[in-house]
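If you use the numbering used here, the sequence shown corresponds to residues 2 to 294, in order. Ideal Cβ positions, reconstructed from N, Cα and C, are used throughout, including at glycine. None of the values given here were measured: they were computed from a predicted structure. Report on the following structure.
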Amino acid sequence: MAETPKVSFITVCYRTPNLIRVLLKGIERANFSFPFEYFLVDNGQDGTAAMVRERFPWVTVLAPGANVGFARGNNLAFRRAAGTYCMLVNPDLTVFPGQMEALLAFADTHPDIGMAGPRIENPNGTRQETCTRFPTPLTPVCSRTVLGKLPWGRSVIDRYLMRDIPHDEPHDADGLYGSAILIRRSVLEDVGYFDEGFFMYYEDVDLCRRVWERGWRVTYAPVARFVHYHQRESLVRTPLDLFTNRLLRIHIASGVRYFWKYRNTPFPARRIVSERSVESAQTAPTETPSSLS
């Protein structure tokens with residue numbers, strides 16, 4: 002009988018066969034010390050699925066037959082995953098030996114953490130900013146346009162990216178970017194999968210928000226380090242991009258949907274903190290005049 006997997010890895014790809022080849026070779030070299038399964042969701046119909054089936058037979062390839070987007074693509078794998086954890090891995094990520102073991106050890110010793118994100122580095126070793134506070138409508142306006150270069154725009158981005166706190170040690174965050182996230186299977190069963198109304202973008206912060214709402218923690222965990230060859234293709238460089246950049250249009254549509262979805266909802270992390278503070282106040286012993294004398 003096959004051993005139950007500790008981790009179900011999930012990668013959603015779209016016409017990136019070379020990146021997938023490098024990623025999966027890295028997974029093989031990592032030589033994990035735990036049982037795992039790997040799901041590749043191929044949205045591209047460009048021959049990647051056939052290449053992976055031939056060269057990496059240990060990978061389960063899911064080919065929906067169309068580009069179903071990031072959220073729905075991951076959900077296809079979530080429904081088949083048997084691991085204690087699901088690990089989302091972008092195609093342009095590199096996983097080095099020992100790093101997954103470190104991330105799992107951290108998660109195993111913190112059972113109240115529902116989602117954990119490792120330190121993500123650029124190829125030159127600098128840290129990518131992947132943990133955030135919840136965005137406001139101003140956040141995408143500043144981060145995706147030249148307005149972010151103005152002083153007030155920089156302050157919006159700085160707060161969103163939590164630049165006011167150190168990131169050398171683990172800490173909670175409102176949200177994590179979806180390039181590499183470890184999620185407990187029990188959390189997915191509790192809060193549900195990605196909202197498939199988001200084709201791409203904002204599905205990660207939406208899930209983080211629901212995780213917080215259910216009382217789980219979302220944590221940045223630099224105990225493990227991955228390398229991400231990241232390129233922001235939805236950045237506005239000229240006004241013409243609003244009409245010609247498809248990813249930008251998707252980003253705007255997802256942002257509008259996200260902010261409308263939560264238009265009358267307070268930030269869950271703040272609400273949870275407030276509720277716990279009230280509980281503490283209600284259960285705290287009351288001081289009497291005699292005890293103060």
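Per the coordinates, the alpha-carbon of isoleucine 28 lies some 20 Å from the alpha-carbon of glycine 74. The beta-carbon separation of phenylalanine 97 and alanine 181, rounded to 12 Å, does not stay under the 8 Å limit for a contact.
Judged by DSSP secondary structure, leucine 148 falls outside any alpha helix (DSSP H); it is assigned neither H nor E. The beta carbon of arginine 54 is closer than 8 Å to those of Val60 and Val62 in its chain, skipping five residues each way along the sequence. Between serine 255 and phenylalanine 195 a beta carbon distance of about 12 Å is seen, past the 8 Å cut, so the two are scored as non-contacting. Per DSSP, the continuous beta strand (DSSP E) segment holding leucine 89 begins and ends at 86-90. Approximately 18 Å separates the beta-carbon atoms of cysteine 132 and glycine 149; this is outside 8 Å, ruling out the contact. For the pair isoleucine 184 and methionine 116, the CB atoms are nearer than the 8 Å cut-off. Per DSSP, reduced to three states, the secondary structure at glycine 74 is helical. The three-state secondary structure of alanine 51, taken from DSSP, is helix.
In this structure, DSSP gives arginine 247 a helical state, which the three-state scheme calls helix. Rounded to whole angstroms, the separation of the alpha carbons of leucine 151 and leucine 89 is 34 Å.
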